[in-house]
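Per our numbering, the very first residue in the sequence shown carries number 5; after that it's consecutive. Notes follow the structure.
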Amino acid sequence: MNANIQQLIDQTKVKFGLDLYYLKRHSFYRYVNMFNETIYTFNMEWFPSHEAEPEDDDVNPDGTAVIEVNLNTGQIESVIFVMDKTYARHGVTFKRPYPAHVIQWIEQETGLIYGEHFHMHHKERGELSFEEAIDGVKVTPSGRIEVKWNQHGQLMYFTHHGPFLAKTLLKAEEYALSLDKLENLAKQQVQLFQWPSFEHNRIRSIYALEEIYVKNDGTGTIPYEIGREETHCIHVNEVIEWNEPLNNTFEKKEIDIHLNISAEQAFSLEPSPDALPISKEEQAECIKAVRTFLAQKYPKDSGKWVLKTLHRDHGYIHAVLKNGEEGSGFIDKIKVFIEASSFEAVNYIDKKEMFQVCGILSPSQAANEISVSQKEAFEKLRERLELTPIYVYDEVQKQYVLCGKLDCHDGVDAESGEVFSLKEQ
């Protein structure tokens, strides 16, 4: 066995008190974060020695220790004792008072300083979670830390996600935004959406504010994107059009995301192919592939879909499309998987289609009629708007810049005019 691997295994066994365990399997993983850094991890699954092995290879016995080491930093990235059960002896055990001792252990493991790099987010019996913050102001994307322990103080769960770079990459400013300065922008952000009501299995037309980050220095905005912390993407924002539908139908091909990563690749931190930039020529090929896919799968939808972003992942280029028509909803979203060498669309995920196949929404049901204007909806929401300071990573400046998050947790029913909480839907 590779000497580096054996050293990691031996250190892990001692650190977490795994004398009553044996290493069932181990593997390497690789991903590219939003800073375009290739991160390698070493994953170990330790089975309790006295427990019978399950017949199903995908099932781990209760008490199994699943431990992942970040090879870039040498730090523990995650620890999970399956079903909150442990047979560890002289492993990681916290002493009372728990919060203080847990925080001390986190600082020791991560090299981060409590109150400077990470701050308390949630606290309950046997559990603590932390997020990144600068002088009490949230950041996005944020590093996250979570720890759980049992009644004896034994570690049950730990995860350390994200590099906690905000303090290092910070552009310091004095917050100067206010809602009254952003009224015109807020009006523009209140838009008509098709909103799924899963409780009543129907589509509902509503007005809601599309969240957005407003730069404090007045130089523009940054779109609010779920999952933006996971990927380094290129913004395209191109409407896809074609003149004639294609006669041949689109045929899905199976996606293969399995990677065989060698110890040499992992320990040398070989850059992932997913970290390569997507050139202008490759972007053009991706647009062509998306156009062909849409013309095959949705022949009547020319001009309806907007190619929002492109990013690499597991040897494929993911093309994210959103419906550009007024009144489209958050479920009107398609992800197309493009083979990175041939630039052929091989698979896709249609969010609305997925809900319909699962029986959550009826494909034949139309949205309710619209009797409330956009202007009326904005007036109903005006006093419910929120503007919260937050540091946001700006991909152009390569810094965290101070912004205000313009948001509203309520919506307006476009038929009845009723104001309702979006959180309860």
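Ideal Cβ positions, reconstructed from N, Cα and C, are used throughout, including at glycine. As the structure is a computational prediction, the values presented were derived from the model and not from experiment.
query	result
Local Cβ density within 10 Å of residue 81, reported as buried at 16 or more and exposed below that	buried
Nearest neighbour of residue 355, chosen from 336, 347, 223, 341 [CA to CA]	336
Cβ contact check for the stretch 124-138 and the stretch 374-387: 3 or more pairs under 8 Å	no
Bridge partner(s) assigned by DSSP for residue 417	210
Straight-line gap, residue 112 to residue 106 (C-alpha atoms, nearest Å)	10 Å
Euclidean distance between Cα positions of residue 343 and residue 320	5 Å
Three-way DSSP call (helix, strand, coil) for residue 74 in this model	strand
Contacting residues, own chain, Cβ-Cβ under 6 Å from residue 42 (five flanking each side not counted)	36, 275, 276, 279
Burial state of residue 431, where buried means 16 or more other Cβ atoms lie within 10 Å	Outside the displayed span of the chain (5 to 429) sits residue 431, for which this structure offers no information.
Expected contact under 8 Å - CB spacing of residue 213 and residue 190 to nearest Å	7 Å
Segment contact flag, the stretch 41-60 with the stretch 181-188, C-beta cutoff 8 Å, min 3 pairs	no
Separation of residue 218 from residue 401, as counted between CA atoms	15 Å
Contact check, residue 406 vs residue 177, beta carbons under 8 Å	yes
For residue 293 and residue 252, the rounded distance between their alpha carbons	14 Å
Contact under 8 Å by Cβ, residue 338 with residue 143	no
Delimiting residues of the alpha helix (DSSP H) encompassing residue 290	284-301
Exposure label - residue 61; buried when at least 16 CB within 10 Å	exposed
Candidates 108, 162, 425, 168, of which the one nearest residue 122 by Cα	168
Segment limits, beta strand (DSSP E) that includes residue 189	Not the beta strand (DSSP E): residue 189 falls in the alpha helix (DSSP H), residues 187-193.
Exposed unless 16 or more other CB atoms sit within 10 angstroms - verdict on residue 211	buried
Those residues which DSSP pairs with residue 135 across a bridge	123, 148
Host alpha helix (DSSP H) of residue 10 (start-end)	7-19
Burial state of residue 78 (16 or more Cβ within 10 Å)	exposed
Endpoints, the alpha helix (DSSP H) within which residue 383 is located	378-385
Separation of residue 64 from residue 72, as counted between CA atoms	16 Å
Exposure of residue 425, with buried meaning 16 or more beta-carbon neighbours within 10 Å	exposed
For residue 352, the nearest candidate out of 341, 206, 262 (CA to CA)	341
Bridge-paired residues (DSSP) for residue 201	206
Span separating the alpha-carbon of residue 138 from that of residue 83	27 Å
Contacting residues, own chain, Cβ-Cβ under 7 Å from residue 141 (five flanking each side not counted)	393, 394, 395
Cβ neighbour criterion (16 or more within 10 Å) applied to residue 358	exposed
Residue 208 versus residue 421 - alpha carbon distance	12 Å
Nearest residue (CA-CA) to residue 87, options 94, 75, 70, 101	70
Residue 168 in three-state terms, based on DSSP	coil
Span separating the alpha-carbon of residue 236 from that of residue 56	43 Å
Nearest residue (CA-CA) to residue 327, options 306, 193, 8, 346	306
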